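According to our numbering, the residues represented by the sequence shown are 11 to 421, in order.
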Amino acid sequence: MIKQLFRLHRTILSTFNRPFKRYFLKKYSLRNRFSIIAGQRGVGKTTVMIQYIYSFIQDDIISKKALYVPVDHFMVVGHSLYEIAEEFVQYGGQLLCFDEIHKYPNWSRELKSIYDSFPDLKLIVSGSSALEIHKGSHDLSRRAVVYRMTGLSLREFIELKYHIELPILDIESILTDHEKYSLEITKKLAPKRLKILPVFQAYLRHGYFPYFLEHPDEGTYLKTLEQGLHTTIESDLLSIYPRLAGVSIKKLKILLSTIARSAPFTPDMKRLKKIIAVGDERTLKNYLHYLEDGKAITCLSKKNKSIRGMEKPEKIYLNNPNQALAITDKEKVNAGTIREIFFTCMLQEEHMVAIPPKGDFIVDDKNIFEIGGKGKTFKQIKDIPYSYLALDNIEHGMNAKIPLWLFGFLY
């Protein structure tokens with residue numbers, strides 16, 4: 011069995027290695043003994059795992075120190091992960107990587123046993139964004155570190171497509187020195203005759219998922235994205251929440267469709283219960299929780315509290331701009347909606363984003379942002395401390411007016 015897996019491992023490594031390295035690998039060293047990479051379908055978890063293996067084996071593809079195992083491969087189905095690990099260790103194995111772990115029944119029990127039985131073995135596993143290590147059959151929260159992986163930032167999109175390296179900025183740098191950085195970035199684009207605004211518009215349409223390069227036709231890319239969302243609901247969420255029956259899956263799709271038609275969506279819980287035919291609000295909030303965990307939607311509250319605390323979300327957005335174009339009528343997608351989705355998408359993983367009494371967003375319980383086109387004014391957030399305009403269709407800003415595209419350089 012292990013010899014067959016080594017052959018599969020070498021085939022996959024030679025086929026799927028990519029030269030472009032995500033910021034994720036630079037930010038997280040994955041040095042701990044047990045790492046879980048959780049993320050939306052298509053964000054590049056497999057590529058990151060393969061790149062890490064290459065660095066571990068120092069590009070020696072014949073090495074038996076590392077093994078990549080796609081748990082949904084027909085060669086693996088029906089075999090025990092523990093037995094694979096045991097045989098791998100006997101061959102001198104040091105790094106074992108399981109991809110798509112959520113598709114393996116009782117994955118948490120087997121991983122716990124592997125971790126406890128082989129103290130010198132390093133484990134890296136990947137799984138759906140909905141993966142919850144404390145809700146598996148065995149609690150792994152004291153053993154594993156979970157790293158959440160997102161799609162490409164605007165900065166990464168530019169580096170991947172045009173091979174231009176640009177700086178990563180933190181939020182304070184953007185707020186205080188955006189004029190300096192916007193000038194620096196636009197100058198670096200100039201030798202390739204690129205302008206940041208059309209590049210930004212291209213990113214909003216088809217730049218969030220790394221596989222855009224495989225689909226030069228935008229329509230094909232968006233169709234693939236739509237199909238990925240269906241698979242997330244029909245397969246990935248079902249793997250993690252087995253109690254979701256066929257009827258529940260259908261209701262999740264209806265709920266997502268309802269949200270997509272009017273995002274940003276201010277939920278009327280009574281109306282939503284009637285639309286998807288559920289009798290109580292708790293069930294509806296659970297459904298929203300499933301869609302948010304699957305990275306289909308983003309729920310924002312007034313108080314920086316997740317709806318996991320059963321609080322009603324104040325607004326619901328689709329997860330990223332590409333997704334919004336994939337599952338809604340492109341002719342009806344509002345530019346303002348895309349702008350707001352982009353802003354939340356870029357900030358939500360590293361910052362607390364909520365809905366304030368005035369303005370569009372409050373970030374980290376301090377900074378107020380109003381999002382709009384270049385004609386937007388401070389009228390709605392006048393005299394509010396730490397308030398800013400994030401404006402589309404401008405290359406450079408001034409004072410508290412900041413180019414919206416610059417928030418795509420946070421990672």
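Glycine included, each C-beta is placed from N, C-alpha and C at the ideal position.
Computed from a prediction, not measured in an experiment: that's the story for all the values here.
For residue i, name the three-state secondary structure that DSSP assigns.
i    : result
M11  : coil
G217 : coil
F167 : helix
T21  : helix
N377 : strand
V257 : helix
R281 : helix
R158 : strand
S245 : helix
I412 : strand
I404 : coil
G137 : strand
F16  : helix
G418 : helix
S316 : Annotation note: pLDDT 49 at S316 (below 50); position unreliable, coordinate value reported separately. Coil at S316, not helix or strand.
D109 : strand
K122 : helix
T308 : strand
A364 : strand
S397 : strand
R327 : Strictly speaking, residue 327 in this sequence is Tyr, with Arg absent from that position. In this structure, Y327 counts as strand in the three-state DSSP scheme.
F30  : coil
F222 : helix
I372 : strand
F388 : coil
K132 : strand
By Cβ distance below 8 Å, which residues in the same chain neighbour residue i in space, the five residues on each side in sequence not counted?
i    : result
E97  : M11 and I12
R318 : Caution is warranted here: a pLDDT of 49 is assigned to R318, below 50, making its placement in the model unreliable, and the coordinate value is therefore given only provisionally. Taken in chain order, the residues that qualify are H299.
M362 : N314, V373, D374 and D375
D290 : K283
L23  : I60, I63, Y64, I71 and Y78
V288 : K261, L294 and Y297
K205 : T196, L199 and E405
S316 : In this predicted model, S316 has a pLDDT of only 49, less than 50, meaning its place in the structure is not dependable enough to derive any value.
F128 : A95, E96 and V99
Leaving aside the five residues before and after residue i along the sequence, list all residues of the same chain whose C-beta is less than 7 Å from its C-beta, in chain order.
i    : result
L335 : R215, L232 and V343
S73  : I67
K36  : none
G137 : I46, A48, E110, I111 and H112
T234 : H225
Compare the Cα-Cα distances from residue i to each of the options and report the closest residue.
i    : options                   : result
E405 : T276, E189, N296 and D290 : E189
D339 : V288, R271, N332 and D303 : R271
T387 : D375, D374, N409 and V373 : N409
F30  : I71, L91 and G54          : G54
G383 : Q358, K411 and I372       : K411
I381 : K389, G346 and E360       : G346
L176 : T234, L185, S163 and E182 : S163
E360 : L420, I184, L185 and L301 : L420
K322 : A306, L301, N332 and D278 : D278
E236 : S90, Q104 and Q50         : Q50
Y297 : S138, I243 and Q211       : I243
Y18  : L77, A48 and I47          : With the sequence shown as reference, residue 18 is identified as Leu, and Tyr is not the correct amino acid for it. Minimum Cα distance to L18 is reached at L77.
F219 : I394, P367, A48 and N330  : N330
G418 : T160, L40 and N116        : T160
S115 : L179, P252 and L266       : It is Pro, not Ser, that sits at residue 115 in the sequence shown. The option with the nearest alpha carbon to P115 is P252.
D402 : E169, G385 and D393       : G385
D69  : Y33, R41 and R20          : R20
K198 : Y213, G217 and E169       : E169
H225 : I259, S127, G52 and L106  : G52
N332 : L239, G217, Y157 and L105 : G217
Q14  : V86, F128 and E341        : V86
P413 : F222, L193 and F371       : L193
What is the C-beta distance between residue i and residue j, in whole angstroms, given that I count them as a contact (C-beta under 8 Å)?
i    : j    : result
I124 : A95  : 5 Å
I60  : N27  : 6 Å
L121 : V135 : 7 Å
A364 : S311 : 6 Å
G304 : S139 : 6 Å
G369 : I391 : 5 Å
K325 : T276 : 6 Å
L133 : R43  : 7 Å
I286 : L265 : 5 Å
I259 : L141 : With a Cβ gap of about 18 Å, I259 and L141 do not count as contacting.
F167 : Y213 : 5 Å
L179 : Y191 : 6 Å
L239 : I337 : 6 Å
Whose C-beta lies closer than 6 Å to the C-beta of residue i among residues of the same chain, with five residues either side of it excluded?
i    : result
L327 : Note on residue identity: the sequence assigns Tyr, not Leu, to residue 327. Excluding residues within five positions, the ones whose Cβ falls inside 6 Å are A273, P274, T308, I351 and T354.
F108 : V79, V81 and V135
L91  : E120
Entirely enclosed beta strand (DSSP E) segments - the stretch 37-102, minimum 3 residues: Here the runs fully enclosed are 44-49 and 76-80.
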